[in-house]
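Visitor: All the letters of the sequence shown, read from the start, carry residue numbers 56 to 146 under my numbering.
The C-beta atom is built at its ideal place from N, Cα and C for all residues, glycine as well.
Keep in mind it's a predicted model, so treat the numbers as computed, not measured.
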Amino acid sequence: MKLKTIRSIRVVKIIQSLLSFSSVYLLIKGPKYVFLIPLLFGFLLELILPKEYGGGIFKNKKNVFIHSDKIWIEPLIGIILLIIFIIFSTI
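1. Check each candidate in P130, K87, L81 and L100 and name the one with the smallest Cα separation from T66.
2. Mapping the DSSP letters down to three states, classify G133 as helix, strand or coil.
3. Thinking C-alpha only, which one of L91, I142, L102 and G109 is nearest G130?
4. What residue does the alpha helix (DSSP H) around Y80 start on, and which one ends it?
5. Could you check if G163 is buried or exposed, using at least 16 other CB atoms within 10 Å of its CB as the buried criterion?
6. The alpha helix (DSSP H) that contains G97, what's its start and end?
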């Protein structure tokens, strides 16, 4: 089942980012190997996304949230937010 509408693709991307943040939090604060569970569910959600909206960096990728021709903008924002989250969760 592949998603067709932009709204549903945005919801899946938001859920994936929340699962990534919870995985990092569990890596820092939780027991051993529990962080793999949300990470696995995030990768499984990637399977229902169309290829042009999926993860990775490749040519002709479409951004979901930002209207820009540069394909590295959305992953860069995600990485910056992840670093900020890591800093605040270690305090």
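Guide: The answer reads as follows:
1. Translated into the one-based positions of the sequence shown, residue 66 becomes position 11. The sequence given here places Val at residue 66; Thr does not occur at that position. Cα-wise, what sits closest to V66 is L100.
2. Translated into positions along the sequence shown, residue 133 becomes position 78. Under the three-state reduction of DSSP output, G133 falls in the helix class.
3. As a first step, residue 130 must be located in the sequence shown, where it is residue number 75. In the sequence on display, residue 130 carries Pro and not Gly. Nearest of L91, I142, L102 and G109 to P130, Cα basis: G109.
4. As a working mapping, residue 80 is identified with position 25 in the sequence shown. Segment I61 to K84, the alpha helix (DSSP H) holding Y80.
5. Given a span of 56 to 146 for the chain in the structure shown, any question on residue 163 remains unanswerable.
6. Translated into the one-based positions of the sequence shown, residue 97 becomes position 42. Residues L91 to L100.
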